[in-house]
Amino acid sequence: MIEQPRPIYLRYLVDIHKKYLMNYEFNTSCL
113 MIEQPRPIYL
123 RYLVDIHKKY
133 LMNYEFNTSC
143 L
C-alpha cells in the first residue's frame, strides 16, 4: 500500500495547531 501525502499533511497541520493552542494558553496564563 502506498501512503498518500494528504493524511500526513493534515496530521502535520493538526500538530502545528495543537502546539499553537498550547503556546497561546501558556502565554495567556502567564499574563
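For the sequence shown, my numbering gives the first residue as 113, with consecutive numbering after it. Idealized CB from N, CA, C, for every residue including glycine.
In whole angstroms, what separates the C-alpha of residue i from that of residue j?
i: M134; j: R123; result: 17 Å
i: E137; j: I128; result: 14 Å
i: K130; j: Y121; result: 14 Å
i: S141; j: P119; result: 33 Å
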